[in-house]
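Asks: Protein chains in written order, with my numbering: chain A, 40 to 256; chain B, 1194 to 1309.
Please find one structure pasted underneath; my questions will follow.
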Ligand SMILES: Nc1nc2c(ncn2[C@@H]2O[C@H](COP(=O)(O)OP(=O)(O)OP(=O)(O)O)[C@@H](O)[C@H]2O)c(=O)[nH]1
Ligand SMILES: [Mg+2]
Ligand SMILES: [Zn+2]
């Protein structure tokens, strides 16, 4: 007997993610899911934003192993919490729900979730966020949008780091942007020096505007 | 890398659907996956076999249909499926934009037999 179903394989995750997002929104919390390769500059981005955003801010750090990033952020005075997936290549909604039960995010805060460094799997999962942003570094090469279209297509902005070493790497920014236009037309690109913070002001302003726009809907 | 979790979710649904219909066995599952999700058929089949052991879905056959992103040519307007290693228009060579990511991932249908 053939039975047609059309059931989304991640329906359970998606339902839970929607419930998590609704709960956070009710408390005025705005949630950003930060994606990108290992070493792209995700933790640097969070650090530079933490220095600039005035509302309370909490961070969930996802890593396969180790709590190095969490300790880095805590040393900066950021309320950071670690999820160690022990092998899983992405965060999912049940992991976030469990973590939210442990930590204490203030009402009306920012919640940043640094996902596992990986360009494929994390893009497939909603975890309760209002939006995804992808961090891509010049060091990874300019062909990434073509090779990993989904992560760019599902993100609301692209943060482009390590342009200070673009020349040494042979990174072609025009080619990178052309790739983005192919896979994610109109995606805003924000250059960021993750070490000095140059460019972070623009990202902070953009996030504040995105948050306002979401509150208005 | 993410095939294991996907297979586990699929087996859960297969067991549930078979149970709800009083079927003894799930013979086949037809899955549709976007190419952009990078699901490998061999890997997905392997994990399905693993998680289905001892359930009504044991030995289930996987039929995976991969859908490709669709692009629209910015010069001539042609809509075409992405071919390997290329994003440009097969007609005029112009630049194209992905207009349909084809990023779905779902069970289209299942084949059941026997009674529980
Ligand atoms: N030169 C240069 N280095 C940078 C820049 N941004 C980040 N880095 C460095 O790149 C390294 C990795 O940065 P992180 O912010 O830890 O990257 P990440 O994406 O959080 O890395 P994982 O969590 O391990 O995946 C660090 O040594 C940073 O100081 C940049 O714009 N220019
Ligand atoms: Mg990090
Ligand atoms: Zn054309």
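Beta carbons: idealized from backbone N, C-alpha and C, even for Gly.
I want to verify the contact list: residues of chain A whose CB lies under 7 Å from the CB of residue 1229 of chain B, in sequence order.
Replies: Under the 7 Å cutoff, chain A gives 188 and 189.
Asks: Can you list, in chain order, the residues of its chain with a C-beta nearer than 6 Å to that of residue 113 of chain A? Leave out the 5 residues immediately preceding and following it.
Replies: Closer than 6 Å at Cβ, skipping near neighbours: 119.
Asks: Comparing the CB of residue 232 of chain A with every heavy atom of ligand 1, is any distance shorter than 7 Å?
Replies: Yes.
Asks: Check whether the stretch 139-154 of chain A and the stretch 97-110 of chain A are in contact - that is, three or more C-beta pairs closer than 8 Å.
Replies: Counting Cβ pairs under 8 Å, three or more are found: they touch.
Asks: So what's residue 225 of chain A in DSSP terms, helix, strand or just coil?
Replies: If DSSP states are grouped into helix, strand and coil, residue 225 of chain A belongs with coil.
Asks: Are there any heavy atoms of ligand 1 lying less than 7 Å away from the beta-carbon of residue 127 of chain A, as far as the coordinates show?
Replies: Incorrect: residue 127 of chain A has no Cβ contact closer than 7 Å to ligand 1.
Asks: Give the C-beta separation of residue 75 of chain A and residue 175 of chain A to the nearest angstrom, bearing in mind that I take them to be a contact with Cβ-Cβ under 8 Å.
Replies: That belief holds up - the Cβ atoms of residue 75 of chain A and residue 175 of chain A are roughly 6 Å apart, short of 8 Å.
Asks: Flag residue 224 of chain A as yes if its beta-carbon sits less than 8 Å from any beta-carbon of chain B, otherwise no.
Replies: Yes, its Cβ sits closer than 8 Å to a Cβ of chain B.
Asks: Pop quiz: residue 1224 of chain B and residue 1260 of chain B are said to be a contact at Cβ under 8 Å. What is the actual Cβ separation, rounded to whole angstroms?
Replies: No, residue 1224 of chain B and residue 1260 of chain B are not in contact; Cβ-Cβ is about 11 Å, not under 8 Å.
Asks: Taking buried to mean at least 16 other C-beta atoms within 10 Å of its own C-beta, is residue 116 of chain A buried or exposed?
Replies: So residue 116 of chain A ends up on the exposed side.
Asks: Have a look at the DSSP bridge pairing and note the partners of residue 1263 of chain B.
Replies: Bridge partners of residue 1263 of chain B: B/1274 and B/1293.
Asks: Which complete beta strand (DSSP E) runs does the stretch 164-224 of chain A hold, if anything under 3 residues is left out?
Replies: Listed in chain order, they are 170-176 and 196-200.
Asks: So with CB distances below 8 Å, who are the chain B contacts of residue 221 of chain A?
Replies: The answer, in chain order, is 1264, 1280, 1288, 1289, 1290 and 1291.
Asks: With a cut-off of 8 Å, does the C-beta of residue 1302 of chain B fall near any C-beta of chain A?
Replies: It does; some Cβ of chain A falls within 8 Å.
Asks: What residue range is occupied by the uninterrupted beta strand (DSSP E) comprising residue 90 of chain A?
Replies: Counting along the chain, residue 90 of chain A falls outside any beta strand (DSSP E), and DSSP gives it neither H nor E.
Asks: Against chain B, with Cβ distances strictly below 8 Å, would residue 40 of chain A count as a contact?
Replies: Yes, residue 40 of chain A counts as interfacial toward chain B.
Asks: Should residue 180 of chain A be counted as a contact of ligand 1 given a C-beta to heavy atom distance under 7 Å?
Replies: No.
Asks: Based on DSSP bridge pairs, tell me the residues matched to residue 49 of chain A.
Replies: Its beta-bridge partners do not exist; DSSP assigns none.
Asks: Short of 6 Å in beta carbon distance, which residues of its chain neighbour residue 157 of chain A, apart from the five on each side in sequence? Order them along the chain.
Replies: Correct list, in chain order: 128.
Asks: Just to make sure I have the definition right: I need the residues of chain B whose C-beta is within less than 7 Å of the C-beta of residue 129 of chain A. Which are they?
Replies: Those are 1195, listed as they occur along chain B.
Asks: Take residue 1266 of chain B as the anchor and find which of B/1285, B/1208 and B/1249 has the nearest alpha-carbon.
Replies: When each option's Cα is compared against that of residue 1266 of chain B, the closest is B/1285.
Asks: Give me the chain A residues within the contact set of residue 1298 of chain B, using Cβ-Cβ distance strictly less than 8 Å, ordered along the chain.
Replies: Near residue 1298 of chain B (Cβ distances below 8 Å), the residues of chain A are 47, 48, 49 and 163.
Asks: Whole angstroms are fine: how far does the CA of residue 213 of chain A sit from the CA of residue 202 of chain A?
Replies: Each residue's alpha carbon lies about 12 Å from the other.
Asks: Rounded to the nearest angstrom, what separates residue 198 of chain A and residue 1203 of chain B at their Cα positions?
Replies: Computed Cα separation, rounded: 35 Å.
Asks: 8 Å is my cut-off, CB to CB: does residue 1271 of chain B come that close to chain A?
Replies: Answer no: the Cβ-Cβ gap between residue 1271 of chain B and chain A never drops below 8 Å.
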